[in-house]
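Chemist:
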Amino acid sequence: LLFLRFVVDDKWKNDFQKVDELHKNEVEDVRNLLQAEQQTKFEQFQLEYEQTLKEYENKLAEMKSQFVEQEEKHLLNESQRNRRLMDELTSRSYELQLKNEELAKLRSENRELQLKVETIAEKDVQIIKLENKNSELREGVYRLKQIEKNLISQIDVLNHQLSQAINKTKEIEKDKEILEYRLTDDFKSPRSSTTTTPLNFHTRTPLITTGERPNSSCLSLGLPDPSPGEEGGNPVLFADHQPQRTIDFGEVNEEEDSVPQ
Numbered sequence: 058l059l060f061l062r063f064v065v066d067d068k069w070k071n072d073f074q075k076v077d078e079l080h081k082n083e084v085e086d087v088r089n090l091l092q093a094e095q096q097t098k099f100e101q102f103q104l105e106y107e108q109t110l111k112e113y114e115n116k117l118a119e120m121k122s123q124f125v126e127q128e129e130k131h132l133l134n135e136s137q138r139n140r141r142l143m144d145e146l147t148s149r150s151y152e153l154q155l156k157n158e159e160l161a162k163l164r165s166e167n168r169e170l171q172l173k174v175e176t177i178a179e180k181d182v183q184i185i186k187l188e189n190k191n192s193e194l195r196e197g198v199y200r201l202k203q204i205e206k207n208l209i210s211q212i213d214v215l216n217h218q219l220s221q222a223i224n225k226t227k228e229i230e231k232d233k234e235i236l237e238y239r240l241t242d243d244f245k246s247p248r249s250s251t252t253t254t255p256l257n258f259h260t261r262t263p264l265i266t267t268g269e270r271p272n273s274s275c276l277s278l279g280l281p282d283p284s285p286g287e288e289g290g291n292p293v294l295f296a297d298h299q300p301q302r303t304i305d306f307g308e309v310n311e312e313e314d315s316v317p318q
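My numbering numbers the first residue of the sequence shown as 58 and each following residue consecutively.
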């Protein structure tokens, strides 16, 4: 029994060792397999990490470049903005200077206006005087216009009278020429030495009994003929004598010249 027990124990021990070695080998194989897988995964992860790191580095470099570019643009814009602000500030300063000059001018004008306001009362008195004088001048102009109208009407009357006198003078001149012609014809005819026949005219012409002609200037103005002593002839008798109106043409001309233009 002891031997059998020893044999069985030895068998079980050997089997146990074999199983244990087999288990260790399996565990070692599994460990090696896991280590290989882990190594492969580690290498893969490391490769992916390196690629990702490289991508991040490229992105970082690009971002740095963009940042530098944006910074330069910002500085340029800031410089332009500062320059524009300086120009605007200069313009505003010039405008402020102009406003100050204009304000000083307005203050000076205000002082002058205040001085003028103090003299308004005197100016009002002068204005009233000028208005009164203007009214008087208007009245004088109106009176002058009325006088001018009266003078024009008088001139029209005198011109009408002058026209009548001229027409009458022409009629007298015509009658005078007819009378001269008849007198000349009578002196030349043979009957003038034997008989004398008085000449009768029924027109408004003077009856002349002498060979001397009347004064043409007196006839044209409707004045009586000069005396026989002055002209050396006989007096002139008018068959149809009417009082004539004497017209002084010198006065007419003077009145025409005195009419305001």
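Ideal Cβ positions, reconstructed from N, Cα and C, are used throughout, including at glycine.
DSSP on T176, reduced to helix/strand/coil?
Modeler: Coil.
Chemist: Compute the Euclidean distance between the alpha carbons of A161 and I177, then round it to the nearest angstrom.
Modeler: Computed Cα separation, rounded: 24 Å.
Chemist: Exposed or buried, what is L172 when buried is set at 16 or more other beta-carbons lying within 10 Å of its beta-carbon?
Modeler: Looking at its Cβ environment, which holds fewer than 16 other Cβ atoms inside 10 Å, L172 is exposed.
Chemist: Whole angstroms are fine: how far does the CA of A222 sit from the CA of I185?
Modeler: Near 54 Å, if we compare the C-alpha coordinates of A222 and I185.
Chemist: From P196 to K202, what does the alpha carbon distance come to, in whole angstroms?
Modeler: In the sequence on display, residue 196 carries Glu and not Pro. Each residue's Cα considered, the two are about 10 Å apart.
Chemist: With a threshold of 16 other CB atoms inside 10 Å of the CB of I204, please say whether the residue is buried or exposed.
Modeler: Label assigned to I204: exposed.
Chemist: Would E193 pass as an interface residue toward chain C - the criterion being a Cβ-Cβ separation below 8 Å?
Modeler: Of the protein chains in the structure, only one exists, and it is not chain C.
Chemist: L194 to R164, Cα distance in whole Å?
Modeler: Spanning the two alpha carbons is a distance of roughly 41 Å.
Chemist: Suppose the cutoff is 7 Å on Cβ atoms and the five residues either side in sequence are ignored; what does the same chain contact list for Q74 look like?
Modeler: Contacts found: none.
Chemist: Could you compute how far the alpha carbon of Y199 sits from the alpha carbon of I229?
Modeler: Their Cα atoms are separated by approximately 44 Å.
Chemist: At 4 residues or longer, and completely inside the stretch 111-172: list those alpha helix (DSSP H) runs for me, N to C.
Modeler: Qualifying alpha helix (DSSP H) stretches: none in this window.
Chemist: Rounded to whole angstroms, what's the CA-CA distance from V174 to R168? Just pull it up for me.
Modeler: For V174 and R168, the distance between alpha carbons rounds to 10 Å.
Chemist: Whole angstroms is fine: what's the gap from K81's alpha carbon to L90's?
Modeler: For K81 and L90, the distance between alpha carbons rounds to 14 Å.
Chemist: CA-CA distance, N191 and E179?
Modeler: Whole-angstrom Cα-Cα distance: 18 Å.
Chemist: Suppose only complete runs of 3+ residues qualify. What are the beta strand (DSSP E) ranges in the stretch 179-216, listed by chain order?
Modeler: Taking only runs of at least 3 residues, no beta strand (DSSP E) segment lies wholly in the stretch 179-216.
Chemist: Who are the near neighbours of K231 in its chain, counting only those whose CB is closer than 7 Å to its CB and skipping five residues on each side?
Modeler: Excluding positions up to five away in sequence, the list is empty.
Chemist: Compute the Euclidean distance between the alpha carbons of Q183 and L155, then round it to the nearest angstrom.
Modeler: Computed Cα separation, rounded: 39 Å.
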